[in-house]
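In the working numbering, the protein residues as written are 555 to 771.
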Ligand code: GRF
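Structure representation (structure tokens):
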């Protein structure tokens with residue numbers, strides 16, 4: 555079975571990257587992580603990639619005149635490594651429309667909210683401030699607008715009495731580590747189709763494949 559050659563872009567600790575690396579280590583996993591790129595040289599995720607025997611590149615955005623030049627460097631590194639698919643995992647740079655269109659429907663992101671609610675930074679704090687009873691995370695295809703695009707998998711967690719941003723974020727992050735590998739697997743299995751701006755999950759009927767709900771702590 556040909557595995558989907560996947561590149562991952564990070565900026566930080568890379569716990570989602572770790573979840574993707576762990577899943578891809580399974581011999582029957584349909585995705586293969588071939589390259590991890592960080593825009594920060596000190597991102598701990600780079601150590602995770604090295605420990606898993608995956609090639610790494612540091613492409614520092616500060617070394618480029620503008621976003622277009624930086625994105626062109628990302629694009630060429632991904633192509634050189636033979637990437638067919640790209641995951642953003644805590645990558646803290648806004649990508650140009652040119653890049654997101656080049657990788658249209660081959661580029662996904664994870665966001666710590668139930669999109670389309672609470673886009674942008676501090677999504678968990680936004681959910682708390684809005685008094686949301688249910689929070690969660692979303693894996694979606696990337697479009698030029700930030701945190702927008704066809705939704706692939708979502709996970710929901712309750713917001714509990716006494717939650718602060720740290721507690722809620724930790725509960726959401728645990729679920730992120732489950733839904734990101736799930737989304738990549740569904741895609742690599744060829745079960746995901748983008749129709750208009752929504753996603754169809756095909757294959758054997760396994761209702762709820764794209765929804766995970768955590769029980770209360
Ligand atoms: C996660 O909360 C993810 O949803 C957001 O950035 C954070 C990355 O965390 N896009 P990590 O680097 O994967 O630990």
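Note that CB positions come from ideal geometry on N, CA and C, so glycine has one too.
Cα-Cα separation between residue 742 and residue 674, rounded to whole angstroms: CA-to-CA, the gap between residue 742 and residue 674 works out to about 27 Å.
Does the structure place the region 655–670 close enough to the region 691–703 that three or more beta carbon pairs sit under 8 Å? Enough Cβ pairs lie closer than 8 Å, so yes.
Limits of the unbroken beta strand (DSSP E) element including residue 594: Taken as a continuous stretch (DSSP letters only), residue 594 belongs to no beta strand (DSSP E), as it is neither H nor E.
From the DSSP output, in three-state form, read off residue 730 for me. The answer is helix: DSSP assigns residue 730 an H, G or I state.
Whole runs of the beta strand (DSSP E) within the region 606–666, excluding any shorter than 3 residues: Here the runs fully enclosed are 609–612, 639–642 and 661–665.
If you draw a straight line from the C-alpha of residue 747 to the C-alpha of residue 692, how long is it? Taking the straight line from one Cα to the other gives about 17 Å.
If we call anything under 7 Å between Cβ atoms a contact, is residue 608 one with residue 587? Against a cut-off of 7 Å, the Cβ pair of residue 587 and residue 608 comes out as a contact.
Reducing DSSP to helix, strand and coil, say where residue 720 ends up. Here residue 720 sits in helix by DSSP.
Mind checking whether the beta-carbon of residue 666 lies closer than 6 Å to any heavy atom of the ligand GRF? Here the distance from the Cβ of residue 666 to the nearest heavy atom of the ligand GRF is below 6 Å.
Please report the distance separating the alpha-carbon of residue 723 from that of residue 558. Going by the C-alpha atoms only, they are around 30 Å apart.
Just how far apart, CA to CA, sit residue 732 and residue 573? Roughly 7 Å between the two C-alpha positions.
Rounded to whole angstroms, how far is the Cβ of residue 713 from the Cβ of residue 686, which I believe are closer than 8 Å? The beta-carbon distance between residue 713 and residue 686, rounded to whole angstroms, is 6 Å. This is short enough to meet the 8 Å contact definition.
Rounded to whole angstroms, what's the CA-CA distance from residue 603 to residue 635? Just pull it up for me. So the two alpha carbons sit approximately 15 Å from each other.
Limits of the alpha helix (DSSP H) - the one that residue 686 falls within: In the DSSP assignment, residue 686 falls outside any alpha helix (DSSP H), carrying neither H nor E.
For residue 616 and residue 736, the rounded distance between their alpha carbons: The straight-line gap from Cα to Cα measures roughly 33 Å.
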